[in-house]
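K.L.:
Each protein sequence line maps, in turn, to chains A and B. Residue 19 in the working numbering sits at position 18 of the first sequence, and the numbers go up by one each step. Residue 85 in the working numbering sits at position 84 of the second sequence, and the numbers go up by one each step. Built from N, CA and C at the ideal position, the CB exists for glycine as well. For reference, the structure I am asking about is given below.
Number of protein chains: 2
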Amino acid sequence: MFIGEYEHTLDEKKRVSLPKAFRTGLGKKMVMTRGLDNCLFVYSKSAWEKVAAKLQELSFAQADTRGFNRFILSGAAEVEADAAGRILIPDHQKEFAGLGKTVVFAGVSDRVEVWDATAWKSYKARIEKQADAMAEKLGEIGAL
Amino acid sequence: MFIGEYEHTLDEKKRVSLPKAFRTGLGKKMVMTRGLDNCLFVYSKSAWEKVAAKLQELSFAQADTRGFNRFILSGAAEVEADAAGRILIPDHQKEFAGLGKTVVFAGVSDRVEVWDATAWKSYKARIEKQADAMAEKLGEIGAL
DNA sequence: GTGTTCGTATTCACCGATAAACATACTGGT
DNA sequence: ACCAGTATGTTTATCGGTGAATACGAACAC
């Protein structure tokens, strides 16, 4: 279970060190793919297998499902942390997520999301405005 | 069951000591999340696990659910009390709740809330006014 | 009123994580 | 084979988190 938010910086070679808090959960080898809302999803190998299995269950018959599959799978890459706990972000993913020098790692249940710091801030601001609607949902599931 | 209100101070490294009254109830490890009305919620580990389990059931296919998950999970952090009974407040949470040097711990049934002292005072003043108005209304109709 | 104890606040010192800089190894091209 | 450019690995410095020690103050007992 990943939770929390961490800000790190890309070096000039597109490497970032993973937040300490996520290293054990992700393991050495992980899978990084295009996510939704212009961020990247990072899964541990085992979590990725579950996601991949779910995607396979989706019918081939529907055009939108095929598109979704392509979106997720073709954008995926296996990445490995080096001795210093850094991962290398592939070019196309860096571009996809519009990553600048500082990025944000966000833990969201079974995945870690990678955001451009600026994009993250504006997204968060938008989400926070919907706090009232959130509150209702929280009540529904009995969280609060 | 947490009750009561305590004022403590943050040191220059964003640590606060937990009120003695809450320590046993929260345990050593706890989870702190963004709450409503710009305060933070602190749950014991066991209470949090219940919330987390419910959140995991939600799909990531829907935009509002994704936002909801991100709001709660990325805004959360696992914190651990040190030997002196202090916890470290992460940067983004300190910012979210607008915490200054003095903060207020408020016990609210199964969770503890953390407020900036000033915000707490004005919130309380607002609530108290509403309580008076409500009492009057209740009196009018003979309820009290 | 004085002394004692417990909880909180403050300070300092240390260690580890991160980030930047640097060095080495590799690749493709000429 | 050599060079340029790029990728990968290593080292060092800085900063923030962490733990320990001390100081302060309130509550209680005598």
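1. Using 9 Å as the limit for Cβ to Cβ distance, is phenylalanine 3(A) near chain B?
2. What residues of chain A sit near glycine 68(B), judged by a beta carbon separation below 9 Å?
3. For lysine 29(B), collect the residues of the same chain with a Cβ closer than 8 Å to its Cβ; drop the 5 residues on either side in sequence, then sort them by chain order.
4. Just to confirm the assignment: which complete alpha helix (DSSP H) runs, minimum length 4, are found wholly within the segment 17-62 of chain A?
5. Within 9 Å (strictly less), CB to CB, does glycine 86(A) reach chain B?
6. Kindly indicate which residue of Ala84(B), Gly86(B), Leu56(B) and Arg16(B) has the alpha-carbon position closest to the one of serine 75(B).
7. My output table needs one value for aspartate 117(A): the three-state DSSP class, helix, strand or coil.
8. Between the Cα of glutamate 13(A) and the Cα atoms of Gln131(A), Tyr44(A) and Asp92(A), which residue gives the shortest distance?
9. Give the residues of chain B in contact with serine 110(A), contact being defined as C-beta atoms less than 7 Å apart.
10. Taking 8 Å as the threshold, find out whether the segment 40-58 of chain A comes into contact with the segment 98-115 of chain A through three or more Cβ pairs.
11. Can you find at least 3 beta carbon pairs, one from the segment 83-90 of chain B and one from the segment 124-133 of chain A, that sit closer than 8 Å?
12. Between the alpha carbons of phenylalanine 72(B) and glutamate 141(B), how many angstroms are there, rounded?
13. Would you kindly report the start and end of the unbroken alpha helix (DSSP H) that includes serine 75(A)?
14. Taking the Cβ atom as the reference point for each residue, do alanine 78(B) and glycine 99(B) lie within a distance shorter than 9 Å?
15. Quick check on arginine 35(B): buried or exposed, where buried means 16 or more other Cβ atoms within 10 Å of its Cβ?
16. What do you get for asparagine 39(A), buried or exposed, if any count of 16 or more other CB atoms within 10 angstroms of its CB means buried?
17. If we define contact as Cβ-Cβ less than 9 Å, is alanine 118(B) a contact residue for chain A?
18. Would you mind working out which of Met135(B), Glu137(B), Lys138(B) and Ile88(B) sits nearest methionine 33(B), comparing C-alpha positions?
19. Please compile the residues from chain A whose C-beta is within a distance smaller than 7 Å of the C-beta of alanine 98(B).
20. Lysine 15(B) and lysine 138(B) look like a contact to me (Cβ under 8 Å); what is the Cβ gap, rounded to whole Å?
21. According to DSSP, simplified to helix, strand and coil, what is leucine 100(A)?
22. Should aspartate 65(B) be labelled buried (16 or more other beta-carbon atoms within 10 Å of its own) or exposed?
23. Looking at C-alpha atoms only, which residue of Lys122(B), Met135(B) and Ala54(B) is the closest neighbour of glutamate 6(B)?
24. Going by beta carbon distance, what residues of the same chain come within less than 6 Å of leucine 27(A), once the five residues before and after it are set aside?
25. Would you please verify whether the beta carbon of glutamate 81(B) is less than 9 Å from any beta carbon of chain A?
26. Against chain A, with Cβ distances strictly below 9 Å, would valine 113(B) count as a contact?
27. What does alanine 107(A) reach in chain B if we use C-beta pairs closer than 7 Å?
28. Along the chain, where does the beta strand (DSSP E) that runs through phenylalanine 3(A) open and close?
29. Below 6 Å CB to CB, which residues in the same chain sit around leucine 41(B) once its five sequence neighbours on both sides are set aside?
30. I need the boundaries of the beta strand (DSSP E) containing isoleucine 88(A), first residue and last residue.
31. Using a C-beta to C-beta distance shorter than 7 Å, which residues of chain A count as neighbours of alanine 78(B)?
P.N.:
So, from the data block:
1. Indexing the first sequence from 1 puts residue 3(A) at position 2. Chain B contact via Cβ: present.
2. In the second sequence, the residue the question calls residue 68(B) occupies position 67. Simply Asp38, Tyr124, Arg127, Ile128, Gln131 and Met135.
3. In the second sequence, counting from the first residue as 1, residue 29(B) sits at position 28. Excluding sequence neighbours, lysine 29(B) sits near Glu81 and Ala82.
4. 21-27 and 46-58
5. Mapped onto the first sequence, residue 86(A) falls at position 85. No, no contact with chain B.
6. Counting from 1 along the second sequence, the entry for residue 75(B) is found at position 74. Here the closest residue by C-alpha is Leu56(B).
7. Numbered from its first residue, the first sequence carries residue 117(A) at position 116. In this structure, aspartate 117(A) counts as strand in the three-state DSSP scheme.
8. Here residue 13(A) is taken as the residue at index 12 of the first sequence, counted from 1. Here the closest residue by C-alpha is Asp92(A).
9. Looking up residue 110(A) in the first sequence gives position 109. Going along chain B in sequence order, the residues near serine 110(A) (Cβ under 7 Å) are Leu56, Gln57, Asn70 and Leu74.
10. yes
11. no
12. Position 71 of the second sequence holds residue 72(B). Position 140 of the second sequence holds residue 141(B). If you take the alpha carbons of phenylalanine 72(B) and glutamate 141(B), they lie about 42 Å apart.
13. Indexing the first sequence from 1 puts residue 75(A) at position 74. Run containing serine 75(A): 64-75, per the alpha helix (DSSP H) assignment.
14. What you label residue 78(B) is simply residue 77 of the second sequence in a count that begins at 1. What you label residue 99(B) is simply residue 98 of the second sequence in a count that begins at 1. Contact: no.
15. Locating residue 35(B) in the second sequence gives position 34, where the first residue counts as 1. Arginine 35(B) should be labelled buried.
16. The residue labelled residue 39(A) in the question sits at position 38 within the first sequence. Answer is exposed; the Cβ neighbour count stays below 16.
17. Numbered from 1 along the second sequence, position 117 holds the residue referred to as residue 118(B). With 9 Å as the cut-off, alanine 118(B) does not count as an interface residue toward chain A.
18. The sequence position of residue 33(B) within the second sequence is 32, counting from 1. Out of Met135(B), Glu137(B), Lys138(B) and Ile88(B), Ile88(B) has the C-alpha closest to the C-alpha of methionine 33(B).
19. As a first step, residue 98(B) is located in the second sequence; it is residue number 97 there, counting from the start. Correct list: empty, because the minimum Cβ distance to chain A is about 12 Å.
20. As a first step, residue 15(B) is located in the second sequence; it is residue number 14 there, counting from the start. As a first step, residue 138(B) is located in the second sequence; it is residue number 137 there, counting from the start. Incorrect: roughly 43 Å between the Cβ atoms, too far for contact.
21. Indexing the first sequence from 1 puts residue 100(A) at position 99. Residue state, collapsed to three classes: coil.
22. Within the second sequence, numbered from 1, the residue matching residue 65(B) stands at position 64. Classification for aspartate 65(B): exposed.
23. Numbered from its first residue, the second sequence carries residue 6(B) at position 5. Among Lys122(B), Met135(B) and Ala54(B), the Cα nearest to that of glutamate 6(B) is on Lys122(B).
24. The count along the first sequence starts at 1 and reaches residue 27(A) at position 26. Around leucine 27(A): Ser45.
25. As a first step, residue 81(B) is located in the second sequence; it is residue number 80 there, counting from the start. So, not an interface residue.
26. Walking along the second sequence from the start, residue 113(B) turns up at place 112. Chain A contact via Cβ: absent.
27. Looking up residue 107(A) in the first sequence gives position 106. The contacting residues are Arg71 and Ser75.
28. Taking the first residue of the first sequence as position 1, residue 3(A) is located at position 2. It spans 3-10 - the beta strand (DSSP E) in which phenylalanine 3(A) sits, taken as one unbroken run.
29. In the second sequence, the residue the question calls residue 41(B) occupies position 40. Taken in chain order, the residues that qualify are Met33, Gln94, Ala98 and Val115.
30. By 1-based counting over the first sequence, the position of residue 88(A) is 87. Unbroken beta strand (DSSP E) run through isoleucine 88(A): 87-89.
31. Translated into the one-based positions of the second sequence, residue 78(B) becomes position 77. Under the 7 Å cutoff, chain A gives Ile4 and Gly5.
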